[in-house]
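Only one structure is covered here, and it is reproduced in the block below.
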Amino acid sequence: MGEIRFSLGYNHDFKLLDLLGKYRENIESFYFPIPYRYLGSGRLIPQGEGYYEEINEIIKKCNFLKIRPQMLLNATNDGNFGLGKNYFSRILDYLQEMESSGLKSVIVANPIYISEIRKQIKSIEIESSVNCYVKTVEHALYLKDLGVDVITIDRDINREFSLISKIRLKTGLKIKVMLNEGCLRNCPFRNMHYNFLSLNVLKPKKLLGDISLDSLCSRVYLRHPEKVFSIPFIPPDTVSLYASVADYYKLSTRAFSTQKIEFCLNAYIKQDFNGDLLEILDCPGLAHFNYIDYAVLKKHNFFSKISKCDNDCGECNYCNKLIKKAVIINSNYLNSDARVKEDEKAIKIYSRVLKASPKEVSIYLRISTAYFNLKKEKRALKYINRALRLNSKAIGAYLILGAYYERSNNAMKALAVYKKALRLFPHSGEIYFFLGRTYFSYKKYKEAVESLKEALRSNYNSLEVYLLLGSCYEKSGQYKKSINELRSGEITYPNEAKINFLLVKCYRKIGQVGQANKELDNGFRKFLEKRRINGEEN
Amino acid sequence: MAKKIKLETVYVPSEDVVSRELEGEFIIIPIASGIGESDDDFFSLNKTGRLIWSKMNGRNNLKEIAHELIKEFDVPVEIIEKDIVGLVGELLKKKMLREIGAK
Chain A
1 MGEIRFSLGY NHDFKLLDLL GKYRENIESF YFPIPYRYLG SGRLIPQGEG YYEEINEIIK
61 KCNFLKIRPQ MLLNATNDGN FGLGKNYFSR ILDYLQEMES SGLKSVIVAN PIYISEIRKQ
121 IKSIEIESSV NCYVKTVEHA LYLKDLGVDV ITIDRDINRE FSLISKIRLK TGLKIKVMLN
181 EGCLRNCPFR NMHYNFLSLN VLKPKKLLGD ISLDSLCSRV YLRHPEKVFS IPFIPPDTVS
241 LYASVADYYK LSTRAFSTQK IEFCLNAYIK QDFNGDLLEI LDCPGLAHFN YIDYAVLKKH
301 NFFSKISKCD NDCGECNYCN KLIKKAVIIN SNYLNSDARV KEDEKAIKIY SRVLKASPKE
361 VSIYLRISTA YFNLKKEKRA LKYINRALRL NSKAIGAYLI LGAYYERSNN AMKALAVYKK
421 ALRLFPHSGE IYFFLGRTYF SYKKYKEAVE SLKEALRSNY NSLEVYLLLG SCYEKSGQYK
481 KSINELRSGE ITYPNEAKIN FLLVKCYRKI GQVGQANKEL DNGFRKFLEK RRINGEEN
Chain B
1001 MAKKIKLETV YVPSEDVVSR ELEGEFIIIP IASGIGESDD DFFSLNKTGR LIWSKMNGRN
1061 NLKEIAHELI KEFDVPVEII EKDIVGLVGE LLKKKMLREI GAK
């Protein structure tokens, strides 16, 4: 068996190109999206103003390194315009221009585009996108007739070796598998999700009910956390099993930081991994979880067991047992009783992880957070100090320590901790937020506003930043400014009742009772909807 | 230590809460400043609690509220007063009431 090489996706951080050079022996292709001016995408990732020009540099660099440059055309819905002659002609002209600049391959979702590109640009390699959802030999053969050279199989059949093998044999084409995508198998929201993203490039609208795209998976996980094990990813230590059925191995990295891409790539190069599975899987819905201990999964023969599973759940209880031993759920998604149990479980799991990795600073911090949540401050502080002994610049330690002093009503000490942290990390929006929060509780509203605005400027725009800014202005009697900040927050957080309730207070103060009542209605509608979902699912 | 609740005291709902009957349940929600409040940090009142809440309008002290409630419930005034003090204690703990004086 030859060495396995991987396909990496561009995350719009130009520094990633340096990694291509460093890992040229391990990377066979590099994919990047066609600019939004031509077509939507399966991801909502800002491309930046210079992206159009960047593409030429990317192609040049890839060719120099002998890495196949691939352009993604993976939108699953192009609306009324997608099949228009002029619309497609623009795309085709652009692809022809890029091909003459060295583009070697395109990854395409729309079958009509596949056929047209095949006719018009004979020498370019065409891959069917994973968004073609190929799950059968028949489907793959149709795509072959349309002109594809490589079939990316639907990740849902990732563990059906005989089927993948059959697709390869019957089509005679090369097969690409997705390794680390973290989406649910048979996800009921999948088509809708991709269609929505394809048409709503960077223009998210106020959505129906309490639906936000990132929370859709959480709704499933709240009812069935064990479904996290149905994600059809291919673990690093099992990649070699695919050598006889697959030709290309794609890492889903477009939404990863460059640091995370290198970490993930290394795990797959080494074909070994023992840490937190969330470090290598890609799906925003996985925010539902805080930790998945892959070492425990391996110990319980996870891959072999899951690959043979007939999905007739309720019989063996394997997944439920594994949830208890290896998975920590993000307590933000749980009610208060469940949070306590999850924090107690977290301490057990993290303590076990520490035995294997005693220098892992992040685990000390996670344990301290769990102890803080359980109001066991002394124990929490012990773990913070251990983390700082290992790394005096562990930013998380300062944040947790500051929060502890805030909770102990020791604002002066909290401010001192955050200011010290800012000296170490002067551009951290998170620290500015915590500083602003402390000033607020200290009734220093002017200073709080300055810090919170700085947090926003540093791209830290959590719901709490807007609520605190609104509260600072409200407490200082600047109601119109408060309303403006809350309205800004409402654009990012359209389903949060808290914003409306604070608006109620401001409108009442300035005598706009009618508007206050409207906000009250909106707030209770959102509250009720959220409670209905949580009630059903907790 | 919590302040002793006197029956002569007059309370009103805090301006930092909103309340409404939702699907047969009476809910009081704190208006969040962004610090510490979680989504499940609301308070639900039963029928008696709702009645007490509705009478805390700044005009009646707790003793007067108890006497008004005798008309609705056939129980000794001492029991009603005890219930009221218990509820007011809970609501004060959650900063959902504001004391405005005594009479």
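These protein sequences, in sequence, are chains A and B. For the first sequence, counting from 1, position 120 maps to 120 in the working numbering; every step adds exactly one. For the second sequence, counting from 1, position 44 maps to 1044 in the working numbering; every step adds exactly one. Just so it is clear, CB atoms sit at the ideal spot from N, CA and C, and this is done for glycine as well.
Listed along the chain, the chain A residues whose CB falls inside 7 Å of the CB of residue 1020(B) are 524. Its chain contains 234, 249, 251 as the residues whose beta carbon lies nearer than 6 Å to that of residue 179(A), once the 5 sequence neighbours on both sides are disregarded; these appear in chain order.
Exclusion of the five residues before and after residue 161(A) leaves 245 as the residues of its chain whose Cβ lies within less than 7 Å of its Cβ. Proximity of chain B to residue 88(A) at the Cβ level (cut-off 7 Å) is not reached, the minimal Cβ distance being about 47 Å. Residues of chain B whose Cβ lies closer than 7 Å to the Cβ of residue 498(A) are, in chain order, 1032.
The closest CA to that of residue 1044(B), considering only 1017(B), 1004(B), 1005(B), is found on 1017(B).
Contact with chain B is absent for residue 327(A), since none of that chain's Cβ atoms lies less than 9 Å from the residue's Cβ. Residues of chain B whose Cβ lies closer than 7 Å to the Cβ of residue 106(A) do not exist, since the nearest Cβ in that chain is about 45 Å away. Beta bridge pairing from DSSP links residue 1030(B) with 1017(B). Scanning chain B for C-beta atoms nearer than 7 Å to the C-beta of residue 505(A) yields 1015, 1031, reported in chain order.
Interface with chain B (9 Å Cβ-Cβ cutoff): residue 501(A) is included.
Under the Cβ distance rule, residue 527(A) counts among the residues neighbouring chain B, one pair being separated by less than 9 Å.
In the three-state DSSP reduction, residue 1009(B) falls in the strand class (E or B).
Non-local beta-carbon contacts of residue 406(A) in its own chain, meaning distances under 6 Å to residues more than five positions away in sequence, involve 414, 438 in chain order. For the pair residue 381(A) and residue 391(A), the Cα-to-Cα distance works out to about 15 Å. Of the candidates 1082(B), 1015(B), 1093(B), 1082(B) places its Cα closest to the Cα of residue 1006(B).
Residue 520(A) belongs to the set of residues whose beta carbon lies under 9 Å from a beta carbon in chain B. Annotation for residue 290(A): no alpha helix (DSSP H) segment contains it, though the beta strand (DSSP E) segment containing it runs 289 to 292.
Assignment of beta strand (DSSP E) within the stretch 232 to 271 of chain A, counting only whole runs of 3 or more residues, yields 248 to 250 in chain order.
The Cβ neighbour count for residue 1077(B), taken over all protein chains shown within 10 Å, is under 16; the residue is labelled exposed.
Under the three-state reduction of DSSP output, residue 152(A) falls in the strand class. Counted as a single uninterrupted DSSP element, the beta strand (DSSP E) harbouring residue 329(A) occupies residues 327 to 329. Counting only runs of 3 or more residues that sit fully inside the stretch 38 to 114 of chain A, the beta strand (DSSP E) segments are 68 to 73, 105 to 108, in chain order.
In the three-state scheme derived from DSSP, where H, G and I count as helix and E and B as strand, residue 507(A) is classed as helix.
Residues of the same chain with a CB within less than 7 Å of the CB of residue 56(A), apart from the 5 flanking positions on each side, are 101 in chain order. At least one CB atom of chain A sits nearer than 9 Å to the CB of residue 1023(B). Sequence-distant partners of residue 194(A) (beyond 5 residues in either direction) whose C-beta falls short of 7 Å from its own C-beta, in its chain, are 42, 76, 131.
When DSSP assignments are scanned along the stretch 1032 to 1094 of chain B, the uninterrupted stretches of beta strand (DSSP E) that are 3 or more residues long and fall wholly within it turn out to be 1043 to 1045. For residue 1042(B), at least one C-beta of chain A is nearer than 9 Å to its own C-beta. With respect to chain B, the C-beta atom of residue 508(A) has a partner C-beta closer than 9 Å. The continuous beta strand (DSSP E) containing residue 8(A) extends over residues 6 to 9. When DSSP states are grouped into helix, strand and coil, residue 117(A) belongs to the helix group. Assignment of residue 181(A) by DSSP, reduced to helix, strand and coil, places it in the strand class.
Taking residue 13(A) as the centre and dropping the five residues before and after it, the same chain places the C-beta of 258 closer than 6 Å to its C-beta, in chain order.
As the crow flies, the alpha-carbon of residue 518(A) is around 42 Å from that of residue 281(A). Nearest in C-alpha terms to residue 431(A), of all of 451(A), 440(A), 442(A), is 451(A).
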